[in-house]
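Participant: Here the sequence shown stands for residues 2 to 124, where the numbers follow this note's numbering.
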Amino acid sequence: MHELINTVWKLQSLEFDETAPGRADQIAGLRAKIPLQVLGHYDRLRARGKKGVSIVRNQVCTACHMQVPLGAVMTLMRGADIQLCECCGRYLYLPDPVEPPKPPAPKKSPKAKAKPNAHLSPA
Ligand SMILES: [Zn+2]
Numbered sequence: 002m003h004e005l006i007n008t009v010w011k012l013q014s015l016e017f018d019e020t021a022p023g024r025a026d027q028i029a030g031l032r033a034k035i036p037l038q039v040l041g042h043y044d045r046l047r048a049r050g051k052k053g054v055s056i057v058r059n060q061v062c063t064a065c066h067m068q069v070p071l072g073a074v075m076t077l078m079r080g081a082d083i084q085l086c087e088c089c090g091r092y093l094y095l096p097d098p099v100e101p102p103k104p105p106a107p108k109k110s111p112k113a114k115a116k117p118n119a120h121l122s123p124a
């Protein structure tokens with residue numbers, strides 16, 4: 002996870018949660034950590050009533066439902082850089098992968114693969 006987008010994401014979460022205790026101080030602290038250029042873009046989106054950060058799910062921007070290029074997703078996964086959605090211009094936030102609940106696997110012993118033809122010699 003890229004530190005910067007994590008910070009912007011936290012900022013957005015706080016700014017959209019008006020009930021969070023002590024949020025004014027936290028918001029000020031987070032804003033101080035974000036470069037002005039990034040903050041400016043975020044604020045422009047916010048001024049239009051939009052969220053500045055969008056979650057990427059299944060390689061799709063959840064704000065505009067457009068597919069995010071694989072290269073951008075890979076960059077996000079590596080935490081190498083922050084990425085903007087090419088379609089809606091939001092910052093893309095890739096949450097840490099959550100293990101989906103697995104359906105109960107059918108019981109299978111590791112030595113279940115019997116070799117019925119083992120007695121046959123390979124002619
Ligand atoms: Zn988008």
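For each residue, glycine too, the CB sits at the ideal point set by N, CA and C.
1) If you scan the stretch 23–88 from start to end, which runs of the alpha helix (DSSP H) of 4 or more residues do you find wholly inside it?
2) May I ask you to check if the CB of Ala64 is nearer than 7 angstroms to at least one heavy atom of ligand 1?
3) Is Arg91 near ligand 1 - that is, is its Cβ less than 7 angstroms away from at least one heavy atom of it?
4) Quick check on Ile12: does DSSP put it in helix, strand or coil?
5) Mark Leu71 as exposed unless 16 or more other C-beta atoms lie within 10 angstroms of its C-beta, in which case mark it buried.
6) If we call anything under 8 angstroms between Cβ atoms a contact, is Val9 one with Val54?
7) Would you kindly report the start and end of the unbroken beta strand (DSSP E) that includes Leu95?
8) If contact is defined by three or more beta carbon pairs under 8 angstroms, each pair taking one atom from either stretch, is the stretch 76–93 in contact with the stretch 38–56?
9) According to DSSP, is Glu19 part of a helix, a strand, or is it coil?
10) Around the Cβ of Lys103, are there at least 16 other Cβ atoms within 10 angstroms (buried) or fewer (exposed)?
11) How big is the Cα-Cα spacing for Gly80 and Leu95?
Facilitator: In brief:
1) 24–34, 37–48 and 71–79
2) Numbered from its first residue, the sequence shown carries residue 64 at position 63. Answer for Ala64: yes, Cβ within range of ligand 1.
3) If you number the sequence shown from 1, residue 91 lands on position 90. Within the cutoff, so yes.
4) Working through the sequence shown from its first residue, we reach residue 12 at position 11. What sits at residue 12 in the sequence shown is Leu, not Ile. In the three-state scheme derived from DSSP, where H, G and I count as helix and E and B as strand, Leu12 is classed as helix.
5) In the sequence shown, residue 71 corresponds to position 70, counting from 1. Exposed, since its Cβ has fewer than 16 Cβ neighbours within 10 Å.
6) Mapped onto the sequence shown, residue 9 falls at position 8. Mapped onto the sequence shown, residue 54 falls at position 53. Against a cut-off of 8 angstroms, the Cβ pair of Val54 and Val9 comes out as a contact.
7) Within the sequence shown, the letter at position 94 stands for residue 95. Per DSSP, Leu95 belongs to no beta strand (DSSP E) and is neither H nor E.
8) yes
9) Taking the first residue of the sequence shown as position 1, residue 19 is located at position 18. Three-state DSSP puts Glu19 in coil, outside helix and strand.
10) By one-based count along the sequence shown, residue 103 stands at place 102. Per the 10 Å Cβ criterion, exposed.
11) The residue you call residue 80 lines up with position 79 of the sequence shown. The residue you call residue 95 lines up with position 94 of the sequence shown. So the alpha carbons of these two residues sit roughly 9 angstroms apart.
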